[in-house]
Amino acid sequence: MKNIGVLLSVLLLASCMSKEEKMKEANEEGNEVVAVKAKFIEGAGDALQNEGKKAVKSASKGVGEIIKGVNSGMSESINTAEVISDPTFKNCFEDCKAEKIYGEDSDKTKKVTVYLIAKKDFSGKLTLRALDEDKKEIGRSNLEVSIKKDEAKYVDFAFDARTHLLQTESFTIK
């Protein structure tokens, strides 16, 4: 019964309020709701500034790792192969890698590109031998090379069109 009395009192007071008082009260309540929402949005903005930087940094790092993985995968792909250097080669050059290149069907070119870094002046013939997984020779190419100490350059060894470069596991160079 007491509750009903309180409810009637509130209703009477509300009905006694003028239109202006009701508008003012609604305006204040609206301002309070908007202020709460604004504080919520401000807090979200602050969190995004702090945590968003971390999230973007983490995502960027992840993308960087993907790119590194792609590059690593490319270096381990079927187009690259280990080059086993002869001791006389090691006297003149740094260790190197080889990339197998397959020409267009029209020119039937098969070549292997090797990046040379000279430890000292060199002028002479280099021989690159293609080896299968059993370390048996399946192709050979000779190339005249001239390079100065501390220079570096790519050289292309041309192979017979019948050489199965896809089966090449490694090369020897001397």
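Residue numbers (the working numbering): 6 to 179. Ideal placement from N, C-alpha and C gives every residue a C-beta, glycine not left out.
If you check the CB distance, residue 106 and residue 127 do not come in under 8 Å. For residue 173, there is no enclosing alpha helix (DSSP H), as DSSP marks it with neither H nor E. Taking the CA atoms as reference points, residue 174 sits about 11 Å from residue 89. If only uninterrupted beta strand (DSSP E) runs of at least 3 residues are considered, those enclosed by the stretch 113-150 are 115-122, 127-136. The alpha carbon of residue 157 has as its nearest neighbour, out of 121, 168, 138, the alpha carbon of 121. Around the Cβ of residue 129, a 10 Å sphere holds fewer than 16 other Cβ atoms; the residue is exposed. In the three-state DSSP reduction, residue 105 falls in the strand class (E or B). With respect to the C-alpha of residue 99, the residue from 168, 154, 48, 167 having the closest C-alpha is 154. Pairing residue 177 with residue 91, the inter-Cα distance amounts to about 7 Å. Residue 94 and residue 114 have their alpha carbons spaced roughly 26 Å apart. Approximately 12 Å separates the beta-carbon atoms of residue 119 and residue 164; this is outside 8 Å, ruling out the contact.
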